[in-house]
Amino acid sequence: MIDPVIAKIQSHPKYAQLRKQRNTFGWLLTVLTLVVYYGFIALIAFNKPFLAQPLGTGVTTIGIPLGMGVIVFTIVITGIYVNRANKRYDALTQAILKDATK
Numbered sequence: 026m027i028d029p030v031i032a033k034i035q036s037h038p039k040y041a042q043l044r045k046q047r048n049t050f051g052w053l054l055t056v057l058t059l060v061v062y063y064g065f066i067a068l069i070a071f072n073k074p075f076l077a078q079p080l081g082t083g084v085t086t087i088g089i090p091l092g093m094g095v096i097v098f099t100i101v102i103t104g105i106y107v108n109r110a111n112k113r114y115d116a117l118t119q120a121i122l123k124d125a126t127k
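When you read off a place in the sequence shown, starting at 1, and then add 25, the result is the number in the working numbering.
In structure tokens:
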């Protein structure tokens with residue numbers, strides 16, 4: 026048996042909106058992450074000379090800042106998701122719960 030509150034939540038129009046927004050944004054971020062990660066791995070696999078070029082006169086190569094960029098990208102994209110979840114998704118969730126528990 027399904028709980029009546031759960032049934033109310035699942036039939037709520039804002040719940041469908043929440044699911045659609047969250048899934049669409051989640052897939053967008055997933056695709057961006059895969060492009061960045063696999064792009065970096067593809068560079069390692071197929072264009073090592075490009076990554077091995079030194080920056081300036083030191084020993085640091087182009088690959089080091091690009092690798093750090095991948096890590097920073099991951100942190101930024103996580104922050105973007107958390108920000109959106111806190112501002113949009115939490116508000117929708119609270120509205121749905123308020124309506125469903127009346």
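Cβ coordinates follow ideal geometry from the N, Cα and C atoms, glycine included.
Whole angstroms are fine: how far does the CA of residue j sit from the CA of residue i?
i	j	result
phenylalanine 65	isoleucine 105	21 Å
tryptophan 52	leucine 59	10 Å
aspartate 115	leucine 68	39 Å
isoleucine 96	asparagine 48	24 Å
threonine 82	alanine 110	44 Å
leucine 76	asparagine 108	33 Å
aspartate 28	aspartate 124	15 Å
tyrosine 63	proline 74	18 Å
phenylalanine 50	isoleucine 100	16 Å
alanine 70	glycine 92	14 Å
Tell me, to the nearest whole angstrom, how far the beta carbon of residue i is from that of residue j; I am working on the premise that it is less than 8 Å.
i	j	result
isoleucine 102	leucine 54	6 Å
valine 30	threonine 126	6 Å
valine 86	glutamine 78	Per the sequence shown, residue 86 should be read as threonine rather than valine. Indeed, because the Cβ distance is near 6 Å, the residues count as touching under 8 Å.
valine 61	phenylalanine 98	5 Å
According to DSSP, simplified to helix, strand and coil, what is residue i?
i	result
lysine 123	helix
In its own chain, which residues sit with a C-beta less than 8 Å from the C-beta of residue i, not counting the 5 before and 5 after it?
i	result
arginine 113	Gln46
isoleucine 121	Ile34, His37, Lys39, Tyr40 and Leu43
proline 90	Leu80
Skipping 5 residues on each side, what residues in its chain have a beta carbon closer than 6 Å to that of residue i?
i	result
glycine 88	Leu76
Legend entry - 3-residue-minimum beta strand (DSSP E) runs that sit fully inside the region 28-89, ordered along the chain: none
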